[in-house]
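Asks: Read top to bottom, the protein sequences are chains D and A.
Here the working numbering runs 18 ahead of the position in the first sequence, where the first position is 1.
Here the working numbering runs 42 ahead of the position in the second sequence, where the first position is 1.
Every residue gets a Cβ at the ideal spot worked out from N, C-alpha and C, and that includes glycine.
Please read these numbers as outputs of a predicted model, since none were measured by experiment.
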Amino acid sequence: GALVYQYPRRTICKSGTSMRMECQAVGFQATSVAWYRQSPQKTFELIALSTVNSAIKYEQNFTQEKFPISHPNLSFSSMTVLNAYLEDRGLYLCGARDGSDYTFGSGTRLLVI
Amino acid sequence: QQNVQQSPESLIVPEGARTSLNCTFSDSASQYFWWYRQHSGKAPKALMSIFSNGEKEEGRFTIHLNKASLHFSLHIRDSQPSDSALYLCAVSGTGGYKVVFGSGTRLLVSP
């Protein structure tokens, strides 16, 4: 079956520093990878969608300058949160598309101190 | 811009009850519909999906989709305390690439 490994599971970073999270699709080739953030008490907001043979598309309120994404091949994607501040804390989720379904990783919980 | 809303925001039901969760979407071209369940501190897990109008049943869970009314729902028969979680609906449009999550319904099943 399709699996998505996401790491780290949780991380703490000092305010103003950056942290990188990674997403690995196992057992399938992901034609697209989506990155989401769930802020405390909120639903998942789409940050950006990376689709094969297309430019990475960022949603309103999210920018490449703040959340640069690398998608070098069909099984791996990474996203960095640059200059993290308190409002960036939350659960970050990557989802990789396998056919018509997305398989989600276990999430990276970011705490900013 | 797809707008996905869920109701109610929260729900408390007794064990054994039938629970209904609702989701509305704004894009009539939407093609793929999912329900996810998220337990506290964990990533969401897919419960069920449906791609055409009608009904689909898996165990105690039934999903209904009515594209004309821009509405789909999840029904849980014989609700159990272990069903207590945040339920998220998700919708995607043509191609199924961009998935938008609903606002969530927090369900508590009391023993």
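Would you mind giving the Cβ-Cβ distance between residue 139 of chain A and residue 50 of chain D, rounded to the nearest angstrom? I have them listed as a contact below 8 Å.
Replies: Here residue 139 of chain A refers to the residue found at position 97 when the second sequence is read from its first residue. Here residue 50 of chain D refers to the residue found at position 32 when the first sequence is read from its first residue. Rounded, the Cβ-Cβ distance is 5 Å, consistent with contact.
Asks: Report the CB separation of residue 118 of chain A from residue 77 of chain A in whole angstroms; it is logged as a contact under 8 Å.
Replies: Residue numbering aside, residue 118 of chain A sits at position 76 when the second sequence is read from its first letter. Residue numbering aside, residue 77 of chain A sits at position 35 when the second sequence is read from its first letter. About 10 Å separates the two Cβ atoms, so there is no contact after all.
Asks: Which residues, taken in chain order from the segment 91–105 of chain D, show a beta carbon closer than 9 Å to some beta carbon of chain A?
Replies: From the segment 91–105 of chain D, no residue has a Cβ closer than 9 Å to chain A.
Asks: Strictly under 8 Å for the Cβ-Cβ distance: is residue 25 of chain D near chain A by that measure?
Replies: Here the question's residue 25 of chain D lines up with position 7 in the first sequence. No - not a single Cβ of chain A is within 8 Å of the one on residue 25 of chain D.
Asks: Taking the alpha carbon of residue 116 of chain D as the reference point, which residue from D:70, D:46, D:39 and D:106 has its own alpha carbon closest?
Replies: Locating residue 116 of chain D in the first sequence gives position 98, counting from the first residue. Of the candidates D:70, D:46, D:39 and D:106, the one whose C-alpha sits nearest the C-alpha of residue 116 of chain D is D:46.
Asks: Residue range of the beta strand (DSSP E) that residue 90 of chain D falls in?
Replies: Walking along the first sequence from the start, residue 90 of chain D turns up at place 72. Unbroken beta strand (DSSP E) run through residue 90 of chain D: 87–91.
Asks: With a threshold of 16 other CB atoms inside 10 Å of the CB of residue 142 of chain A, please say whether the residue is buried or exposed.
Replies: Start at 1 with the first residue of the second sequence, and residue 142 of chain A comes out as number 100. Note on residue 142 of chain A: 16 or more other CB atoms within 10 angstroms of its CB, so buried under the neighbour-count rule.
Asks: Give the single residue among D:36, D:42 and D:33 whose Cα lies nearest to the Cα of residue 125 of chain D.
Replies: One-based indexing of the first sequence puts residue 125 of chain D at position 107. Ranked by Cα distance from residue 125 of chain D, the first of D:36, D:42 and D:33 is D:42.
Asks: For residue 153 of chain A, which residues in the same chain have their Cβ closer than 6 Å to its Cβ, ignoring the five residues on either side in sequence?
Replies: As a working note, residue 153 of chain A is residue 111 in the second sequence. So the list reads 57 and 123, once near-sequence residues are dropped.
Asks: How far does the beta strand (DSSP E) with residue 54 of chain A in it reach, from first residue to last?
Replies: Here the question's residue 54 of chain A lines up with position 12 in the second sequence. First-last of the beta strand (DSSP E) with residue 54 of chain A: 52–56.
Asks: Can you give me the start and stop residues for the beta strand (DSSP E) that residue 120 of chain A sits inside?
Replies: Taking the second sequence and counting its residues from 1, the one referred to as residue 120 of chain A is at position 78. Careful: residue 120 of chain A lies outside any beta strand (DSSP E) and carries neither H nor E.
Asks: State buried or exposed for residue 85 of chain A, treating a residue as buried only when at least 16 other CB atoms are found within 10 Å of its CB.
Replies: By one-based count along the second sequence, residue 85 of chain A stands at place 43. Its Cβ being crowded by 16 or more others within 10 Å, residue 85 of chain A is buried.
Asks: Under DSSP, the beta strand (DSSP E) around residue 87 of chain A begins and ends at which residues?
Replies: For the purposes of this step, residue 87 of chain A is identified with residue 45 of the second sequence, where counting begins at 1. Residue 87 of chain A -> beta strand (DSSP E) spans 87–92.
Asks: Kindly confirm or deny that the segment 62–69 of chain A and the segment 80–91 of chain D touch, where touching means at least three C-beta pairs closer than 8 Å.
Replies: no
Asks: To the nearest angstrom, how far is it from the Cα of residue 37 of chain D to the Cα of residue 114 of chain A?
Replies: For the purposes of this step, residue 37 of chain D is taken as residue 19 along the first sequence, with counting starting at 1. For the purposes of this step, residue 114 of chain A is taken as residue 72 along the second sequence, with counting starting at 1. Taking the straight line from one Cα to the other gives about 38 Å.
Asks: Rounded to whole angstroms, what is the Cα-Cα separation between residue 127 of chain D and residue 109 of chain A?
Replies: Within the first sequence, numbered from 1, the residue matching residue 127 of chain D stands at position 109. Within the second sequence, numbered from 1, the residue matching residue 109 of chain A stands at position 67. About 35 Å.
Asks: So, with DSSP's three-state summary, where would you put residue 69 of chain A?
Replies: Translated into positions along the second sequence, residue 69 of chain A becomes position 27. Secondary structure of residue 69 of chain A (DSSP, three-state): coil.
Asks: For residue 44 of chain D, count the other beta carbons within 10 Å of its own beta carbon; 16 or more makes it buried, fewer makes it exposed. Which is it?
Replies: Taking the first sequence and counting its residues from 1, the one referred to as residue 44 of chain D is at position 26. Classification of residue 44 of chain D: exposed, given that the 10 Å Cβ count is below 16.
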